[in-house]
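Numbering (this note's numbering), first residue to last: 90 to 381. Some notes on the structure that comes next.
Below, the structure written as structure tokens:
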């Protein structure tokens with residue numbers, strides 16, 4: 090039975106065991122794989138999703154059979170196989186799937202980071218075993234790039250995020266005028282500091298933000314897509330809770346150390362963002378504009 094990319098994980102949702110493993114159809118586990126995986130996942134250091142191969146979100150090196158790595162390596166996304174707790178599978182389907190034709194590994198690993206702080210690891214390879222290459226599937230490269238870009242747009246924490254050393258700030262706005270005012274207000278200071286400006290909003294399609302113009306002025310642009318998963322108008326509490334998850338990932342992904350908002354245009358989503366900053370002990374610069 091061909092369940093393709095996501096069907097096998099939907100089947101895994103019905104598992105009653107504590108752990109579950111999903112394999113690609115071209116992946117054969119090494120001897121003692123299950124014993125090793127059971128031991129590894131129960132360690133504090135490597136308690137996460139265990140895979141056969143993996144890479145950073147912007148791949149320069151593939152770990153697994155092609156690299157013959159002889160130790161466990163943390164990565165942004167794992168594939169080939171996924172050994173994990175059964176209760177983690179449902180995290181894959183928490184957000185809207187951007188493509189049903191590929192990218193199951195991105196969705197699983199990204200949502201595990203976002204909603205449960207679960208990391209991903211590539212298991213070591215026996216040098217005596219022969220393996221495949223990167224496992225790339227013909228015709229899926231463009232779709233996978235789109236999925237990765239959408240996940241980053243929404244907010245994701247990637248391995249290279251922790252290598253950011255420049256001072257960074259996050260601007261939050263919901264109108265074009267507010268966005269341009271805040272960028273202009275901070276641009277000179279951040280240039281003098283050799284720092285980065287990042288931008289985010291709650292739901293781009295409900296704003297008048299001019300994306301292309303803003304992207305030219307900031308290091309990264311993010312859209313938390315509040316309410317877009319099910320095309321609904323979320324209640325204030327639901328909207329605020331979604332902002333908390335998105336804000337946490339954006340802050341970790343950009344390594345921003347301060348948030349700038351315009352309090353005179355306060356909304357429910359801004360309230361959620363301020364709460365998130367408070368919980369993460371991030372200082373907030375609240376600018377009030379009096380409009381006649």
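By construction, the Cβ of each residue, glycine as well, lies at the ideal position given by its N, Cα and C atoms.
Rounded to the nearest angstrom, how far is the Cβ of residue 317 from that of residue 340, given a contact under 8 Å?
Wrong, their Cβ atoms sit about 20 Å apart, outside the cutoff.
Label residue 222 either buried or exposed according to how many other C-beta atoms from any shown protein chain fall within 10 Å of its C-beta, with 16 as the threshold for buried.
Confidence in residue 222 is poor, its pLDDT being 46 and thus under 50, which makes the residue's placement too unreliable to answer from.
Count Cβ pairs between the region 268-280 and the region 196-211 that sit closer than 8 Å; are there 3 or more?
No, the region 268-280 does not touch the region 196-211.
Excluding sequence positions up to five away, which residues of its chain have a Cβ less than 8 Å from the Cβ of residue 129?
135, 139, 161, 210, 212
According to the Cβ coordinates, are residue 246 and residue 361 closer than 8 Å?
No.
Among the residues of its own chain, which have a CB less than 8 Å from the CB of residue 346, if the five just before and after it don't count?
256, 257, 258, 371, 372
With a threshold of 7 Å on Cβ separation, who are the neighbours of residue 338 within its own chain once the five nearest residues in sequence on each side are excluded?
203, 244, 245, 246
Could you name the residues of the same chain whose beta carbon sits closer than 6 Å to that of residue 335, not counting the 5 residues immediately before and after it, in chain order?
The residues are 244, 313.
With a 10 Å radius around its C-beta and 16 neighbouring C-beta atoms as the bar for buried, classify residue 168 as buried or exposed.
buried
Which runs of the beta strand (DSSP E), 3 residues or longer, sit entirely within the region 257-293?
257-261, 285-290
Let me know if residue 352 comes out buried or exposed under the rule of 16 or more other beta-carbons within 10 Å of its beta-carbon.
Looking at its Cβ environment, which holds fewer than 16 other Cβ atoms inside 10 Å, residue 352 is exposed.
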